Amino acid sequence: MRLLVTGGSGLIGRQLCLEAVRRGYEVYAAEHEVSVDVGIPVKLDLLNPLSIESAYEESRPDVVIHAAALTDVDLCERNAELAFRINYNATAQIALQAKRNNAFLIYISTDYVFNGAKGMYKETDEPEPINVYGLSKLKGEVAVKEFAGEWCIVRLSTPYGIHNKKKTFPEYVITKLAKGERVKVAYDQFTSPTYVPNFCKMLLEVAERGIQDILHLSGSTRASRLDVAVKVAELLDLDKTLIEPTSISELKLDAKRPMDSSLDVSKALQILKEKPMTLEVGLNEFVRNLYRVKTSGNY
Ligand SMILES: NC(=O)c1ccc[n+]([C@@H]2O[C@H](COP(=O)([O-])OP(=O)(O)OC[C@H]3O[C@@H](n4cnc5c(N)ncnc54)[C@H](OP(=O)(O)O)[C@@H]3O)[C@@H](O)[C@H]2O)c1
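In this note's numbering, each residue carries its 1-based index in the sequence shown increased by 574.
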C-alpha cells in the first residue's frame with residue numbers, strides 16, 4: 575500500500591508513519607515547517623493548491639490520511655480566516671485530488687464538532703460546533719463527503735502519546751509533579767482521552783479494510799483532565815496534592831470548550847479487530863513507553 579500522510583511531523587501523523595512503516599507500507603510523510611523523521615518526505619503547504627497537487631503527483635497514493643490541520647483551538651478563534659483556509663478549503667482540495675487520483679481518503683476530525691451538552695456522542699448524533707476550530711473541522715467533513723470518491727471520517731478526542739518534539743497532557747502533568755510544582759487542572763470538562771498508538775492501529779485497520787463510514791475512534795473512557803492527572807500521578811506514585819482542581823472557565827481561554835464532548839465508541843468496538851482502549855490500559859502503556867523512551871532516547 576502506498577500511503578500519503580499529511581501532517582507527518584504532528585502528534586498523530588508521526589506515529590501513523592511509524593506504525594505504517596513497521597507494517598511494511600510505502601509511506602510518504604508530508605512536511606511543512608517542521609521536518610519529518612519517518613517515511614519519505616514530501617513537501618506540502620496546505621495554503622497552496624498547487625503544492626497539494628504536486629504532493630499527490632509525487633506520492634501517487636492508494637490511501638491518503640489527512641492528519642494536518644490548524645489544531646490550536648484558541649489560535650483558530652483569534653484567526654478564523656486561517657482556520658477555515660487550512661481546515662476547510664485545503665481539506666476540500668485534498669478531497670478533490672483524492673478523487674482525481676483514485677485514492678481512498680481518511681479524514682481525521684474531532685469531538686469538538688459537538689456542542690458538548692450531552693456527551694457520549696454517537697456517529698449518528700448531529701454536530702453543532704461552538705467554536706471556530708470545531709466549525710472549521712466540521713466544514714472539512716462536509717467537503718470530504720462532497721468532493722472525495724471513497725472516504726472515511728474518523729473522529730478523535732484529546733490524544734495523548736509520546737512525540738519527539740511536544741509533550742501531551744499526561745507528560746506535562748508528570749513533569750510538573752516530578753519537579754514538585756503545582757498544576758491547575760480542569761475538573762468540569764469531559765472528553766474521551768485517546769492513546770495515540772491505539773488510535774493509529776485502528777486507523778490503519780480502517781485503511782487496510784477500506785472501511786467507508788463515519789467512525790468514532792477515541793479511547794473508551796469518558797474522563798476529565800482531573801481524572802487523567804490523578805490517574806497518572808497514582809501510577810507513578812507522584813504527589814497528588816499538587817494537583818489543583820480548577821473550573822475550565824477560570825482558565826480564561828479564547829475559545830469556548832464543549833463541556834462534555836466524550837464519544838461513544840460502540841461501533842468501533844463492534845466492527846474493528848483493534849479495539850478502543852480504556853483510560854486505565856492506555857495510561858499504563860503510555861507510562862511504560864515513556865520510561866522506555868526516556869531511558870533509550872529513542873523516540
Ligand atoms: N490534538 C488534538 O487535541 C486533537 C483532537 C481531536 C482531533 N484532532 C485532529 O487530529 C489531527 C492530527 O492532530 P495532531 O494533534 O497530530 O496535530 P499537530 O500535532 O498540531 O500537527 C499538525 C500537523 O499539521 C501540519 N500543518 C499545519 N499547517 C499546515 C500547512 N499549512 N500545510 C501543511 N501542513 C500543515 C503541521 O506541520 P508543521 O508543524 O510543519 O506546520 C503538523 O505536522 C488533526 O486533524 C486534528 O484536527 C486533534
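All residues carry an ideal CB built from backbone N, CA and C; glycine is no exception. Fair warning: this is a prediction, and the values are worked out from it, not measured in the lab.
Asked: Closer than 7 angstroms: Val-608 CB and nearest ligand 1 heavy atom; Found: yes
Asked: Separation of Asp-813 from Asp-581, as counted between CA atoms; Found: The sequence shown places Gly at residue 581, not Asp. Going by the C-alpha atoms only, they are around 36 angstroms apart.
Asked: Between the CA atoms of Glu-755 and Thr-698 - distance to the nearest angstrom; Found: 43 angstroms
Asked: Endpoints, the alpha helix (DSSP H) within which Arg-576 is located; Found: Looking at the DSSP string, Arg-576 is not in any alpha helix (DSSP H); the run it does join, the beta strand (DSSP E), is 576 to 580.
Asked: Residues near Lys-713 by beta carbon distance below 6 angstroms, same chain, minus five either side; Found: Tyr-662
Asked: Leu-730: CB within 7 angstroms of a non-hydrogen atom of ligand 1; Found: yes
Asked: Ala-842 (DSSP reduced to helix, strand or coil); Found: helix
Asked: Residues that DSSP places opposite Lys-741 in a beta bridge; Found: Ile-736
Asked: The segment 605 to 624 touching the segment 792 to 808, judged by at least three CB pairs closer than 8 angstroms; Found: no
Asked: Val-747 to Ser-683 span [Cα, whole Å]; Found: 26 angstroms
Asked: Status (buried if at least 16 other CB within 10 Å, exposed otherwise) for Gln-844; Found: exposed
Asked: CB of Ile-639 within 8 angstroms of CB of Leu-577, strictly; Found: yes
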